Amino acid sequence: MRLHTAEKPYKCEICFKQFAQKCDLKSHLSVHSGEKPYKCEICFKCYFLAKHLRKHIKIHAGEKPYKCEICFKQFTHAYDLRSHLNVHTGEKPYKCGSCLKEFARKSDLKRHMSLHTGEKPYKCEICFKQFTHAYGLNSHLNVHSGENLYKCEICFKQFTRKYDLKRHVGLHSGEKPYQCEICSTKFTTATGLKRHMILHAGEKPYKCDICFKQFTRACYLKRHTRLHTGER
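See below:
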């Protein structure tokens with residue numbers, strides 16, 4: 001009945017937020033403690049709340065019930081569809097507080113922010129390589145398992161990562177749908193274009209922890225680090 005009466009007798013003693021159900025307060029407290037007790041058994045990502053894990057599971061299940069009526073792209077969550085619609089309207093409501101760059105989707109802003117923070121919370125338990133996003137870790141795990149999940153339908157070559165297949169298919173088709181609006185250079189993948197745009201922006205998000213020299217690409221930093229370590 002409290003859901004209908006708006007009565008919220010359960011109060012958090014830390015931030016004073018109030019809840020209608022005791023179980024909701026209990027779940028909320030994990031936000032303050034940092035505990036993430038709900039873990040995905042597929043990719044091992046952890047969540048504060050059970051409902052967030054349930055939403056996440058839909059990604060692995062392949063459920064995409066929300067469809068864009070303009071381009072017919074489908075999404076797992078309603079909020080992803082709402083965010084996607086900004087791509088069609090041209091609206092960019094999400095702004096980076098560091099460089100003021102604007103984005104159509106919240107996820108794009110979040111991905112961009114990792115360039116500034118250098119945060120990589122997703123770690124491979126086999127080789128300890130760290131990743132900015134969960135999908136990067138998931139894709140990387142195929143390297144260890146030896147699974148080649150993505151096959152080219154033209155030459156039947158197989159790949160461990162979807163991105164590698166997409167880039168490879170561009171070699172057959174010659175198609176480069178991603179064009180730089182500044183210099184008109186075209187790219188096979190969106191990732192290639194994003195990497196290229198860093199050159200125009202002057203961003204150097206990859207920093208050497210030894211001499212603090214900065215680089216536009218991770219591969220340049222990796223090559224530079226060998227000067228310090230003596231690795232060949």
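For the sequence shown, counting from 1, position 26 maps to 26 in the numbering used here; every step adds exactly one.
Quick reminder that beta carbons are idealized off the backbone N, C-alpha and C, glycines included.
In this text the structure is predicted, and so the values were computed from the model without any measurement.
By Cβ distance below 8 Å, which residues in the same chain neighbour residue i in space, the five residues on each side in sequence not counted?
i: Glu-63; result: Thr-76
i: Cys-180; result: Lys-186, Phe-187, Leu-193, His-196, Met-197 and His-200
i: Ser-83; result: Ala-104, Arg-105, Lys-106 and Ser-107
i: Cys-43; result: His-60, Ala-134, Leu-137 and Asn-138
i: Leu-53; result: Tyr-38, Lys-39, Cys-40 and Tyr-47
i: Ser-30; result: Lys-36, Pro-37, Phe-48 and Leu-49
i: Ser-98; result: Met-113 and His-116
i: Lys-129; result: Lys-123 and His-140
i: Glu-147; result: Thr-160
i: His-224; result: Cys-208, Lys-213 and Phe-215
i: Gly-170; result: Lys-176, Thr-188 and Thr-189
Return the bridge partner residues of residue i from the DSSP annotation.
i: Tyr-150; result: Phe-159
i: Gln-74; result: Lys-67
i: Gln-18; result: Lys-11
i: Tyr-122; result: Phe-131
i: Phe-187; result: Tyr-178
i: Tyr-206; result: Phe-215
With a cut-off of 8 Å on the beta carbons, I'd call residue i and residue j a contact; round off their distance for me.
i: Lys-194; j: Lys-186; result: Contact flag wrong, Cβ pair sits at about 14 Å.
i: His-88; j: Lys-101; result: His-88 to Lys-101, Cβ: 20 Å. No contact.
i: Leu-233; j: Tyr-206; result: Since the first residue shown for the chain is 1 and the last is 232, residue 233 is missing from the structure and cannot be characterised.
i: His-168; j: Phe-159; result: 7 Å
i: Phe-19; j: His-28; result: 7 Å
By Cβ distance below 6 Å, which residues in the same chain neighbour residue i in space, the five residues on each side in sequence not counted?
i: Lys-162; result: Tyr-150
i: Phe-131; result: Lys-120, Tyr-122 and Leu-137
i: Ala-218; result: Tyr-206
i: Ile-126; result: His-144
i: Ile-70; result: His-88
i: Glu-91; result: none
Give every residue of the same chain whose Cβ lies closer than 7 Å to the Cβ of residue i, excluding the five residues on either side of it in the sequence, and list them in chain order.
i: Gln-74; result: Lys-64, Tyr-66 and Lys-67
i: Leu-115; result: Glu-203 and Pro-205
i: Ile-210; result: His-228
i: His-32; result: Ile-14
i: Cys-96; result: Leu-109, His-112 and Met-113
i: Lys-55; result: His-77
i: Leu-165; result: Tyr-150, Cys-152 and Phe-159
**Asked** Counting pairs of Cβ atoms below 8 Å between the segment 135-147 and the segment 118-127, do you hit three or more?
**Response** By the Cβ test, the segment 135-147 is in contact with the segment 118-127, since at least three Cβ pairs between them sit closer than 8 Å.
**Request:** At 4 residues or longer, and completely inside the segment 31-115: list those alpha helix (DSSP H) runs for me, N to C.
**Result:** List check, alpha helix (DSSP H) in window: 50-61 and 78-89.
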